[in-house]
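Asker:
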Amino acid sequence: MNRCIVSRQLYSYVASQFLRIDRHRTSVFFCTHPCQRAVRASGRTISNRLQRWGSDHSPAPPVGKSRYCTQPAEALVVSPSLQDPKENLSQHPAVQRLFKGLIEGQRASLAESITLVESVHRRKRAAAEALLQLVLEHLQQKRVKWKKPSAFRIGLTGPPGAGKSTFIEAFGKFLTDSGHKVAVLAVDPSSSTTGGSLLGDKTRMPELSRDMNAYIRPSPTSGTLGGVNRRTNEAIVLCEGAGYDVILVETVGVGQSEFVVADMVDMFVLLVPPAGGDELQGLKKGIVEVADLVVVNKADGDLLPAARRIQAEYTSALKFVRPRSVVWKPRVIRVSSLTKEGIPKAWDRMTGFRNKTWNSGELDMKRRRQHRVWMWNHIQDSMIKLFRQHPHVQRLIDTMEDRVMRGEITPGAAADALLREFQKSPQTSNPEKIQQDKL
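The numbers in my numbering rise by one with no breaks, and the one at position 185 of the sequence shown is 245.
(1) Can you pull the DSSP bridge partners for residue 327?
(2) Check residue 398 in the structure and name its three-state DSSP category.
(3) Confirm, please, whether the CB-CB distance from residue 277 to residue 302 is below 8 Å.
(4) Can you tell me which residues form a DSSP beta bridge with residue 332?
(5) Mapping DSSP to helix, strand and coil, what is residue 390?
(6) Under a three-way DSSP split, which group does residue 307 fall into?
(7) Based on Cα-Cα distance, which residue from 209, 470 and 380 lies nearest to residue 428?
(8) Tell me which residues share the same chain as residue 387 and place their Cβ nearer than 6 Å to its Cβ, disregarding the 5 neighbours each side in the sequence.
(9) With distances taken Cα to Cα, identify the nearest neighbour of residue 166 among 433, 326 and 272.
(10) In angstroms with no decimal places, state the Cα-to-Cα distance between residue 172 and residue 309.
(11) Leaving aside the five residues before and after residue 418 along the sequence, list all residues of the same chain whose C-beta is less than 8 Å from its C-beta, in chain order.
(12) Return helix, strand or coil for residue 100, following the three-state DSSP convention.
(13) Would DSSP call residue 302 helix, strand or coil?
(14) Go to residue 243, then tell me how far its alpha helix (DSSP H) extends in each direction, as first and last residue.
(15) Using three-state DSSP, classify residue 66 as helix, strand or coil.
(16) Compute the distance between the beta-carbons of residue 176 and residue 168, then report whether it is under 8 Å.
(17) CA-CA distance, residue 150 and residue 183?
(18) What did DSSP end up calling residue 188 once you bin it into helix, strand or coil?
(19) Can you list, in chain order, the residues of its chain with a C-beta nearer than 8 Å to that of residue 223? Leave out the 5 residues immediately preceding and following it.
(20) Do you know whose CA, among 155, 229 and 206, lies nearest residue 193's CA?
(21) Count the other CB atoms within 10 Å of the CB of residue 323; is the residue buried (16 or more) or exposed (fewer)?
(22) According to DSSP, is residue 448 part of a helix, a strand, or is it coil?
(23) Going by DSSP, what residue range makes up the beta strand (DSSP E) through residue 280?
(24) Using a Cβ-Cβ cut-off of 8 Å (strictly less than) and excluding sequence neighbours within five positions of residue 456, which residues of its own chain qualify?
(25) Could you give the DSSP three-state label for residue 483: helix, strand or coil?
(26) Say whether chain B places a C-beta atom closer than 8 Å to the C-beta of residue 225.
(27) Nearest to residue 360 by alpha carbon, out of 353, 181 and 368?
(28) Return the CA-CA distance between residue 444 and residue 395, expressed in angstroms with no decimal places.
(29) Tell me which residue opens and which closes the alpha helix (DSSP H) that residue 237 is part of.
(30) Report the three-state DSSP secondary structure of residue 437 (helix, strand or coil).
(31) If you reduce the DSSP assignment to three classes, tell me which class residue 373 lands in.
(32) Work out the CA separation of residue 163 and residue 413 for me, nearest whole Å.
(33) According to DSSP, simplified to helix, strand and coil, what is residue 207?
(34) Do residue 244 and residue 274 have their beta-carbon atoms positioned less than 8 Å apart in this structure?
(35) Can you give me the Cβ contacts of residue 469 inside the same chain, cut-off strictly under 7 Å, excluding the 5 residues immediately before and after it?
(36) How long is the line joining the alpha carbons of residue 467 and residue 216, rounded to whole angstroms?
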């Protein structure tokens with residue numbers, strides 16, 4: 061019997077038996093694809109081989125050597141070795157498997173690794189940190205050998221409708237045709253109501269999605285301000301470890317003050333539409349003064365005169381903005397993602413920025429400062445979680461929220477009261493115990 065077709069009730073029983081049998085093993089096997097059809101199909105008897113697996117507890121066939129669909133279990137959750145936080149997880153079989161797959165350039169391992177670092181599960185986070193440490197050591201060895209960074213990180217941002225995804229489609233194909241391996245980390249906004257994301261950036265890149273030298277990973281912002289995901293910085297490291305030499309980080313549509321992506325990339329590129337305002341927009345303090353390159357997109361057809369005008373206005377405005385680099389002054393260029401005009405020129409500007417900043421030592425110093433920034437960002441996120449999970453604070457949160465909503469106390473006074481309770485509690489000195497108790 062080539063396909064495993066079972067009824068809903070029989071499949072639930074068999075799956076529960078497998079979970080009970082293989083709970084202490086490194087993997088659990090499910091018949092996924094055929095069994096999905098079983099929900100809609102009529103109930104047939106299970107194959108004799110599958111019945112034998114469930115009856116005599118014989119081991120399931122290895123992954124990839126059976127005609128039945130198999131799916132590895134999340135050994136990182138059930139593994140006893142992860143119970144001890146002091147355990148060296150870098151030698152865990154699952155972590156070693158992901159690391160070896162990464163350095164060999166396997167796309168499946170890269171996707172699974174990014175999913176691991178995006179997890180909020182405590183044990184998976186510990187495994188993700190061990191994996192990242194292995195990747196960092198591998199990248200350090202490559203950097204010492206080649207005397208330069210293993211990848212060029214480019215951040216792409218701009219207002220909604222500027223054509224960021226369309227530009228990445230044309231620009232990414234140009235890079236892959238030139239022999240580069242391109243990774244695109246696209247961040248979509250999350251709903252403030254449901255928390256979900258559309259994750260539709262991939263649909264605007266049909267040609268690049270089919271390119272084997274390109275990897276596209278859409279991720280939600282998950283409520284993080286600044287236009288990027290809080291784990292995007294770690295995903296960049298994983299993409300570098302997988303051998304991608306050009307990494308493009310596309311943010312959500314941002315405004316004047318949302319440019320967190322500038323603290324995780326080597327070059328910050330701002331895309332503006334032809335109708336992007338006037339010269340005053342370029343003079344405003346904010347996202348324009350941190351841009352290393354301004355690209356006026358959609359410079360074709362009827363929009364070409366408007367694109368030329370906005371290019372001249374931004375060029376004039378940037379003369380009054382103090383450059384952040386000693387060796388580089390921001391440029392303004394026109395690009396048409398439809399006709400591909402200006403794409404090679406944009407890459408020439410980017411490579412010129414990379415070479416000048418690396419030779420002068422600014423690029424290396426910039427990455428060092430970025431590591432320090434993201435260390436404090438992680439500390440801030442962790443402190444907020446510890447504050448909300450503190451037992452003494454939890455008893456007062458509901459009361460303070462009710463008093464604030466009724467207007468009996470100001471939000472500032474309520475926050476100060478909660479902070480005082482957090483500071484004077486003796487358990488504040490042992491936050492790890494609080495975290496373990498919660499989990």
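All residues carry an ideal CB built from backbone N, CA and C; glycine is no exception.
Answerer: On the basis of the supplied data:
(1) 214
(2) coil
(3) no
(4) 356
(5) coil
(6) strand
(7) 209
(8) 416 and 420
(9) 272
(10) 19 Å
(11) 208, 209 and 424
(12) Below a pLDDT of 50, predicted positions are generally treated as unreliable, and residue 100, at 39, falls in that range; the measurement from the model is reported next regardless. Coil, per DSSP.
(13) coil
(14) Residue 243 -> not in any alpha helix (DSSP H); beta strand (DSSP E) instead, spanning 242 to 248.
(15) Because residue 66 carries a pLDDT of 38, less than 50, the predicted location of this residue cannot be relied on, and no value is offered for it.
(16) no
(17) 13 Å
(18) helix
(19) 331, 333, 357, 358 and 397
(20) 155
(21) buried
(22) helix
(23) 274 to 280
(24) 477, 478 and 481
(25) helix
(26) No chain B is part of this structure, which consists of one protein chain only.
(27) 368
(28) 43 Å
(29) 224 to 237
(30) helix
(31) helix
(32) 28 Å
(33) coil
(34) yes
(35) 463
(36) 44 Å
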